[in-house]
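A short write-up of the structure that comes next.
2 protein chains.
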Amino acid sequence: MTIYDIAREAGVAASTVSRVINNKPGIKAETRKKVQDLLDKYNYTPDVAARGLVMQSTKMVGILIVDIRVTHHINSAFVIEQELTKRGYCSIIMSTGPEGENKSEYIRILEQRRVEGVILMGSMFATEQIKEAIQRHLSKVPVVIVNGYLDLPNVSGVLIDEDAGVGKCADLLISKGKKKLAFVLDQPSPANLRKQQGFCDAVLRHGASREDLLLYEAEESSVQGGYDVTVRILREHPDVQGIIYSIDLVAVGGIRAAHDLGVNVPEQLGIIGVDSSIYGEICMPKLTTLNNKLEEVSEIAATILREGLEGKVQNRKLMMFSEIIERESS
Amino acid sequence: MTIYDIAREAGVAASTVSRVINNKPGIKAETRKKVQDLLDKYNYTPDVAARGLVMQSTKMVGILIVDIRVTHHINSAFVIEQELTKRGYCSIIMSTGPEGENKSEYIRILEQRRVEGVILMGSMFATEQIKEAIQRHLSKVPVVIVNGYLDLPNVSGVLIDEDAGVGKCADLLISKGKKKLAFVLDQPSPANLRKQQGFCDAVLRHGASREDLLLYEAEESSVQGGYDVTVRILREHPDVQGIIYSIDLVAVGGIRAAHDLGVNVPEQLGIIGVDSSIYGEICMPKLTTLNNKLEEVSEIAATILREGLEGKVQNRKLMMFSEIIERESS
DNA sequence: CTGTTAGCGCATTCAG
DNA sequence: CTGAATGCGCTAACAG
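Residue numbers (my numbering), protein chains in the order written: chain A, 41 to 370; chain B, 41 to 370.
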């Protein structure tokens, strides 16, 4: 069913049907009704792609996420999707996987779809490779990176001071008398490395030497990964009194490991995660965590993208400040 | 940059460029190279919408989810998205919210986008209202409902025997000597009501009378909702020995409530959830849960959709069988 | 082997 | 107030 089909049956021209559909003025009420009735009768809906072709506007945006199953990323995507849907945009949400080449490939897919704006979810997108892909394929549309930044005229970034935040977490543990601390990375993303740096800075500031820096990496970003690495830490350094994990999911594995090993949390071992995720509320004891304000960050990202879609200035760089949520594990 | 721009610079016709792009045979190697070089030089990528217009194929599918933040739904969507992306399709993943009218509206949006297939995630889409919307707007494309079914020629459904599964959960608790059982619903979706029915059937089968049926509903589908309703159950019926929850997320709230009330799990109170979600592995004790095979179900749904996209038979109805994963809470 | 032509479904001139 | 003509970017049928 096209406007031509409707036009023929109504005995008018296609342009008249188009005008009715788009509520343009200057149509006799009688004609309008006749056409509208037909439109209703056939449940006609315009082909937005065809419309987009002539309007030069697809009303589509892309949201790239390394893995949509990661809770905090999909939560952020939700916020952005809702905002954009409200404004008539359609979101293409895709899982790119961790490999850089794939991520570039997805950027190409978005270009092919002629999206009008892009959200890149997570610091994993703040790489040189992506920067090149954006220059090559998406230099004309606003791009907003959540928790990352690339210096390109059409790219904006909303950052989070997770490094300072993790530093505050270390301060907190130390203030509770925990002398020897360790840091666990789930994966070496730019954001996680920043957190690790924040940890190192804080520990060194408290008078530790470089050799005292206990830095670990989990085998996988999961509960099990956190469990395993914690068992290892506690075996290699039984005197560790506090562990900070790059994300909650891994931290809750640590809590369970401590439990199984008969180590009391928080008395013998303080544990802190990052994300203020639901996982931290489920485990026992409840997890102290760094709230990195992902929802607020997402709202800001959505706003910046919206402004970009409206043609306002791009290349903005904002910073959100994280806060510790103290619960039972510290 | 369009094929005409390339064609002009290469001194050939647009159709030749098109042939090069699509790897059609019958082009002199020399010409092909000349065009390809230009294509590369300008990083040309075809506009898939324009192509779709003439090919009558958008290569897009829609995945409708009530709320993409719900872990098991987005996990399912992930499986389907991966499969479809591999085949060159682009997924429009949208959160519809729970209201029926909105859901119909989203179906209209998908029609406007001329998607070639649709996944409806969750039993919440198996309603008369959606059925009408599908008839009106999506009667020409394959639709697959995950954990639900509607009797329409273009609709398929993959069901899960969660009712029988929950019945087996009740059997398990009873076999452990738990006489008095309660069931908690997080929301009255068709699937959840089926679970409740399975619970009732099982309990009655074991000789209980209708008055013994303890059916509760959580205020909200969350940890807190599970916590609150469990406190209420334990207050109103201190002799309850087992509770089955419609989903894990709510069950872990129950585990915490029991802990705070000084009720031992599983000795005094057996607790079972549904979903085999990560939540159940995080809480303490670990949650016994009904594995409703969401991943397998999603894979099947993806397969059916793929076959539908290839023009194969639709209106299929399959059933997956759930299995109890026994952990520590039962 | 390649160019010309037509048309996908729509919005938008410009006439009338 | 309405219709005819044009073009968005692309592919395909048909000539040559």
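Think of the CB as a built atom: it goes at the ideal place given N, C-alpha and C, for glycine as much as any other residue.
Q: Check the Cβ of B/N83 against every Cβ in chain A and list those closer than 7 Å, keeping chain order.
A: By Cβ distance, chain A contributes R176 and H177.
Q | Those residues which DSSP pairs with A/C130 across a bridge | A | In the DSSP assignment, the residues bridged to A/C130 are A/M100.
Q) Taking buried to mean at least 16 other C-beta atoms within 10 Å of its own C-beta, is B/E202 buried or exposed? A) B/E202 should be labelled buried.
**Q.** Backbone CA spacing between A/I295 and A/T85 [nearest angstrom]
**A.** Linking A/I295 to A/T85 through their CA atoms gives a straight-line distance of about 54 Å.
**Q.** Classification of B/Q281 by the beta-carbon crowding that lies within 10 angstroms, buried from 16 upward
**A.** By the neighbour-count rule (16 or more Cβ atoms within 10 Å), B/Q281 is buried.
Q.
Ignoring anything shorter than 3 residues, give me the beta strand (DSSP E) runs that lie fully in the stretch 253-303 of chain A, in order along the chain.
A. Listed in chain order, the complete beta strand (DSSP E) runs (minimum 3 residues) inside the stretch 253-303 of chain A are 254-257 and 282-285.
Q | Inter-residue spacing [alpha-carbon to alpha-carbon] between A/T111 and B/G128 | A | Rounded to whole angstroms, A/T111 to B/G128 spans 26 Å at the Cα level.
Q: Kindly confirm or deny that the stretch 46-54 of chain B and the stretch 215-228 of chain A touch, where touching means at least three C-beta pairs closer than 8 Å.
A: The stretch 46-54 of chain B, when compared against the stretch 215-228 of chain A, does not touch it at the 8 Å Cβ threshold.
Q. Run through DSSP, which three-state label would A/T343 get?
A. Looking at A/T343 - three-state DSSP - the assignment turns out to be helix.
Q. Quick check: the stretch 252-268 of chain A against the stretch 289-303 of chain A, are there 3 or more CB pairs under 8 Å?
A. Short answer: they touch.
Q.
Can you confirm whether B/Y285, when its beta carbon is compared against all beta carbons of chain A, has any partner nearer than 8 Å?
A. So no, B/Y285 is outside the interface.
Q. Can you list, in chain order, the residues of its chain whose CB lies under 7 Å from that of A/A242, leaving out five sequence neighbours each side?
A. Cβ neighbours of A/A242 beyond the five flanking positions: G207, A210 and D211.
**Q.** Beta-carbon neighbours of A/L135, restricted to chain B and to distances below 9 Å
**A.** The question names Leu, but residue 135 of chain A in the sequence shown is Ser. Against chain B, the beta carbon of A/S135 has neighbours under 9 Å at F118, E121, Q122 and T125, listed in chain order.
Q | B/M164 versus B/V119, B/Y189 and B/K216, residue with shortest Cα-Cα distance | A | Checking every option, the nearest Cα to that of B/M164 belongs to B/Y189.
Q: Could you check what DSSP says for B/M95 in three-state terms: helix, strand or coil?
A: Helix, per DSSP.
Q: Could you check how far apart the C-beta atoms of B/I159 and B/L345 are, in whole angstroms? I think they sit under 8 Å.
A: Contact flag correct, Cβ pair sits at about 6 Å.
Q | contact_flag[the stretch 174-192 of chain B, the stretch 244-255 of chain B] where n(CB pairs < 8 Å) is 3 or more | A | Contact fails: fewer than three Cβ-Cβ distances are below 8 Å.
(Q) Using DSSP's beta-bridge definition, name the partner residues of A/K357. (A) Assignment of beta-bridge partners to A/K357 by DSSP yields A/G197.
(Q) If contact is defined by three or more beta carbon pairs under 8 Å, each pair taking one atom from either stretch, is the stretch 102-119 of chain A in contact with the stretch 104-122 of chain B? (A) Yes, the stretch 104-122 of chain B is in contact with the stretch 102-119 of chain A.
**Q.** Chain-ordered residues of the stretch 88-109 of chain A with a beta carbon less than 8 Å from chain B
**A.** Shown in chain order are the members of the stretch 88-109 of chain A whose Cβ falls below 8 Å from a Cβ of chain B: V88, A89, A90, G92, L93, T98, D107, I108 and R109.
(Q) Could you compute how far the alpha carbon of B/E335 sits from the alpha carbon of B/P325? (A) Roughly 25 Å separates the two Cα atoms.
Q.
So with CB distances below 8 Å, who are the chain B contacts of A/T383?
A. Here chain A comprises residues numbered 41 to 370, so residue 383 of chain A is not present and cannot be evaluated.
Q.
Short of 8 Å Cβ to Cβ, which residues in the stretch 144-155 of chain B face chain A?
A. Taking 8 Å as the Cβ-Cβ cut-off, the stretch 144-155 of chain B approaches chain A at R148, I149, E151, Q152, R153 and R154, given in chain order.
Q: Any chance you could list the beta strand (DSSP E) runs of at least 3 consecutive residues sitting entirely within the stretch 299-335 of chain A, in chain order?
A: Annotation: the stretch 299-335 of chain A contains the following complete segments of the beta strand (DSSP E) (minimum length 3 residues), in chain order: 310-314 and 328-331.
Q: Using a Cβ-Cβ cut-off of less than 7 Å, list which residues of the stretch 189-216 of chain B approach chain A; keep chain order.
A: Look at the stretch 189-216 of chain B: it has no residue with a C-beta under 7 Å from a C-beta of chain A.
**Q.** Short CB-CB distance (under 8 Å) between B/M41 and chain A
**A.** So no, B/M41 is outside the interface.
(Q) Between A/V263 and chain B, is the shortest Cβ-Cβ distance under 8 Å, so that the two count as touching? (A) At least one chain B Cβ lies under 8 Å of A/V263.
Q. Name the DSSP beta bridge partners of B/E363, please?
A. Bridge partners of B/E363: B/N331.
Q: For B/N63, decide whether its Cβ has a neighbour in chain A, counting only Cβ atoms nearer than 8 Å.
A: Under the 8 Å criterion on CB atoms, B/N63 is classed as non-interfacial with respect to chain A.
Q: Please indicate yes or no: does the CB of B/V353 lie closer than 7 Å to some heavy atom of the ligand MG?
A: Questions concerning the ligand MG fall outside what the structure shown contains, since it holds no ligand whatsoever.
Q: Please report the residue range of the beta strand (DSSP E) in which B/A222 lies.
A: Note, B/A222: beta strand (DSSP E), L221 to L225.
Q: Would you kindly report the start and end of the unbroken beta strand (DSSP E) that includes B/G247?
A: Unbroken run through B/G247: none, as it is neither H nor E.
Q. Does the stretch 168-186 of chain A touch the stretch 307-325 of chain A, meaning 3 or more C-beta pairs lie closer than 8 Å?
A. No, the stretch 307-325 of chain A does not touch the stretch 168-186 of chain A.
Q | Three-pair Cβ contact test at 8 Å for the stretch 93-102 of chain B versus the stretch 129-149 of chain B | A | Taking one beta carbon from each stretch, the stretch 93-102 of chain B and the stretch 129-149 of chain B have 3 or more pairs nearer than 8 Å; the two touch.
Q. Could you give the distance in angstroms between the alpha-carbon of A/E64 and the alpha-carbon of A/T56?
A. One detail in the question is off: residue 64 of chain A reads as Lys in this sequence, not Glu. So the two alpha carbons sit approximately 9 Å from each other.
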